[in-house]
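Novice: Residue numbers are given in numbering that gives the first Met the number 0: position 242 of the sequence shown equals residue 241, and the series is strictly consecutive.
One structure follows; several queries about it will come next.
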Amino acid sequence: MAIMTASAVPTSVLKPKNSITVIDNRTGKSIDIEITDNSIPATAFSQLKAPYADGERPENDTPYGLRVLDPSFINTAMIQSEITYIDGNKGFLMHRGYPIEQLAEKSSYLETAYLLIYGELPGKSQLDLWSWEIMHHTFVADDLQQMIRQMRYDSHPMSVFISAFAAMSAFAPEANPALQGSDLYIMNKPLMNKQIVRILGKATTVAAMAYRIRINRPFTPPRSDLSYTENLLYMMDHMAEPNSYRPDPRLAKALDILFILHADHEMNCSTSTMVHVGSSLVDPYSCVAAASAALYGPLHGGANEAVIRMLAKIGSVENVPDFLQRVKEKKELLFGFGHRVYRETDPRSKVIREVADMVFDVCGREPLIEVAIALKDAALKDEYFTSRKLFPNVDYWSGLIYKAMGFPLDFFPVLFVVPRLAGYLAHWKQQLDSGKNKISRPRQVYIGKGRRDYIPVDAREERPITAQNGLNAIPHYISKRRLTKI
């Protein structure tokens with residue numbers, strides 16, 4: 000992006016139309032910044048340098064240029080991307096130009112994953128090869144299986160998933176840039192493609208292992224003759240049936256649609272983590288582990304679980320008005336409504352509502368759906384919620400579907416992260432293929448103490464020990480046997 004600068008430019012001078020002019024009132028300096036794709040480079044503001052004002056903190060670094068503060072990246076773009084576009088004001092989502100509604104109706108998860116990662120819908124032979132490769136990279140090394148088996152039965156499935164992917168890079172030293180050279184994935188595209196296939200193939204196996212640990216059952220080997228979601232359900236559910244056992248195709252189709260809806264959502268918390276970590280050129284398994292850890296948080300991948308707990312707490316349709324009143328009084332939290340990007344209805348929630356009926360036909364109608372519908376209808380008629388743009392999002396309905404299918408609540412984030420791997424890998428690949436990768440290094444605005452001199456411990460003022468200012472007393476279990484005095 001071109002940045003045009005000038006000092007004390009007269010207002011009569013004609014400015015480029017596609018630009019903005021910023022005047023620093025501290026110095027009178029003016030800069031013109033070119034607008035490209037409705038964005039400006041934040042680095043342009045570093046030209047606005049000024050002397051320290053009287054009494055100003057030197058930690059502000061004022062003579063070195065103005066910084067742009069944007070906590071939580073509310074209005075800061077970290078990349079240029081060709082992958083996913085969201086119009087939050089209109090409730091519109093598309094991948095590589097294709098509306099999410101069309102992909103959910105006509106595509107499959109693996110086809111959508113190919114589209115996200117490689118930019119175009121695959122031809123028949125490409126799709127066949129792509130699917131074959133992924134379904135033949137589903138086995139996990141025996142040593143890694145043994146490590147996964149050591150996890151506690153009451154471990155959170157996401158802890159198992161994250162740990163497995165963090166360890167997976169140790170089982171692929173040929174794919175580790177720290178061992179093979181930092182430009183490994185920049186120069187060796189076949190190796191990059193192999194890791195993409197391996198990650199997508201092994202994700203369902205690791206997810207099923209996390210589930211089987213949860214229910215104290217032995218691992219079930221994957222099958223390459225099943226579809227992606229069929230294989231996941233098979234590895235989770237197969238018990239003593241004959242090998243000819245196959246999951247219900249309607250449930251596999253429903254899960255496939257849900258996977259398409261969760262495949263990518265541009266620069267959300269976990270995807271931006273994938274890009275941030277990947278900028279250091281570390282291996283993709285470590286990137287996936289980091290991104291999965293970000294998704295693990297209750298404000299991200301745990302939202303649909305929170306919806307179920309909320310609906311269960313409400314209990315019945317009759318309790319909905321009182322619950323909403325308590326939300327208004329800030330005595331309760333409303334989960335599954337509103338979105339960081341969408342200001343109208345989440346387009347994925349329209350599709351997912353139809354998937355719910357497909358699942359209910361097989362598994363029975365989820366009792367909490369009546370509470371969910373009543374809560375949704377009441378909220379959408381209430382000006383308090385509509386004025387705040389609080390509409391149901393994808394998490395509001397997905398948890399009900401997962402619960403109807405019999406998944407435990409703590410497994411919901413795993414069903415989110417497995418399909419989101421396609422988006423993670425698409426953004427990781429895009430970043431490395433761009434030729435513009437630089438290690439992410441956000442700036443900060445320091446507001447802490449100014450320079451001060453070290454004081455020896457004996458000369459320091461004693462402060463009360465509290466949980467807020469430091470370590471407080473932590474209870475420890477001590478056996479009564481150790482309390483015996485001789």
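Quick reminder that beta carbons are idealized off the backbone N, C-alpha and C, glycines included.
(1) Assuming V257 and I116 make a contact with CB atoms under 8 angstroms, what is their CB distance in whole Å?
(2) Would you say K402 and I313 are within 7 angstroms of each other, going by their C-beta atoms?
(3) Excluding the 5 residues preceding and the 5 following K48 in the sequence, name in chain order all residues of the same chain whose CB lies nearer than 7 angstroms to its CB.
(4) Going by DSSP, which residues form a beta bridge with I39?
(5) Applying the criterion that 16 or more other CB atoms from any shown protein chain within 10 Å of the CB defines a buried residue, is I82 buried or exposed?
(6) Compare the beta carbon distance of I351 and S279 with 7 angstroms and say whether it is the shorter of the two.
(7) Count the other C-beta atoms from every protein chain shown that fall within 10 angstroms of the C-beta of L232, then say buried if there are 16 or more, exposed otherwise.
(8) Extract the residue ranges of the alpha helix (DSSP H) inside the segment 72 to 135, only unbroken runs of 4 or more that lie entirely within it.
(9) Assess, as a yes-or-no matter, whether the segment 107 to 123 is touched by the segment 240 to 260 under the definition of 3 or more beta carbon pairs within less than 8 angstroms.
(10) Is it buried or exposed for Q149, if we count other Cβ within 10 angstroms and need 16 for buried?
(11) Is it right to say M404 is buried, meaning 16 or more other beta carbons lie within 10 angstroms of its own, or is it exposed?
(12) How close, in whole Å, do the beta carbons of A174 and Q145 come, if the pair is a contact with beta carbons under 8 angstroms?
(13) Pick out whichever of T35, R25 and T465 has its Cα sitting closest to the Cα of D53.
(14) Between the segment 274 to 294 and the segment 420 to 431, can you find at least three pairs of beta-carbon atoms closer than 8 angstroms?
(15) Sort out for me which residues DSSP pairs E33 with in a bridge.
(16) Run the CB neighbour count on H264, radius 10 Å, all protein chains shown included, and call it buried at 16 or more, exposed below.
(17) Would you report the Cα separation of I198 and D409, rounded to the nearest angstrom?
(18) On the DSSP bridge list, what partners appear for P391?
(19) Consult DSSP for K28 and reduce its assignment to one of helix, strand or coil.
(20) Can you tell me which of S29, D23, Q79 and H299 puts its alpha carbon nearest to the alpha carbon of S436?
(21) If contacts are defined as beta-carbon pairs under 8 angstroms, then I99 and R364 qualify, I think. What distance do you get, rounded to the angstrom?
(22) In angstroms with no decimal places, state the Cα-to-Cα distance between K188 and P176.
Specialist: Quick look at the numbers:
(1) On the sequence shown, residue 257 is found 258 positions in, with the first residue counted as 1. On the sequence shown, residue 116 is found 117 positions in, with the first residue counted as 1. For the sequence presented, residue 257 should be read as Leu rather than Val. L257 to I116, Cβ: 19 angstroms. No contact.
(2) By 1-based counting over the sequence shown, the position of residue 402 is 403. By 1-based counting over the sequence shown, the position of residue 313 is 314. Cβ atoms of K402 and I313: not closer than 7 angstroms.
(3) In the sequence shown, counting from the first residue as 1, residue 48 sits at position 49. P62, Y63 and G64, listed in sequence order.
(4) In the sequence shown, the residue the question calls residue 39 occupies position 40. For I39, which the question treats as bridged, DSSP gives no partner whatsoever.
(5) Translated into the one-based positions of the sequence shown, residue 82 becomes position 83. Under this definition I82 is a buried residue.
(6) For the purposes of this step, residue 351 is taken as the residue at position 352 of the sequence shown. For the purposes of this step, residue 279 is taken as the residue at position 280 of the sequence shown. No. Outside cutoff.
(7) Residue numbering aside, residue 232 sits at position 233 when the sequence shown is read from its first letter. So L232 ends up on the buried side.
(8) 99 to 105, 108 to 117 and 123 to 134
(9) yes
(10) What you label residue 149 is simply residue 150 of the sequence shown in a count that begins at 1. Exposed is the call here.
(11) Here the question's residue 404 lines up with position 405 in the sequence shown. With 16 or more Cβ atoms within 10 Å of its Cβ, M404 is classed as buried.
(12) On the sequence shown, residue 174 is found 175 positions in, with the first residue counted as 1. On the sequence shown, residue 145 is found 146 positions in, with the first residue counted as 1. Their Cβ separation, rounded to whole angstroms, is 21 angstroms, which puts A174 and Q145 out of contact at 8 angstroms.
(13) Within the sequence shown, residue 53 is the residue found at index 54, counting from 1. Looking at the Cα atoms, R25 is the closest of the given residues.
(14) yes
(15) Mapped onto the sequence shown, residue 33 falls at position 34. The partner list for E33 (beta bridge, DSSP) reads S18.
(16) Locating residue 264 in the sequence shown gives position 265, where the first residue counts as 1. Buried, by the Cβ-count rule.
(17) On the sequence shown, position 199 is the one that residue 198 refers to. On the sequence shown, position 410 is the one that residue 409 refers to. Roughly 22 angstroms separates the two Cα atoms.
(18) On the sequence shown, residue 391 is found 392 positions in, with the first residue counted as 1. Partner(s): F336.
(19) As a position in the sequence shown, residue 28 is number 29, starting the count at 1. The answer is strand: DSSP assigns K28 an E or B state.
(20) For the purposes of this step, residue 436 is taken as the residue at position 437 of the sequence shown. At residue 436 the sequence reads Asn, which differs from the Ser that was named. Ranking S29, D23, Q79 and H299 by Cα distance to N436 puts Q79 first.
(21) Translated into positions along the sequence shown, residue 99 becomes position 100. Translated into positions along the sequence shown, residue 364 becomes position 365. Not a contact, Cβ separation roughly 26 angstroms.
(22) In the sequence shown, the residue the question calls residue 188 occupies position 189. In the sequence shown, the residue the question calls residue 176 occupies position 177. When rounded, the distance between both Cα atoms is 13 angstroms.
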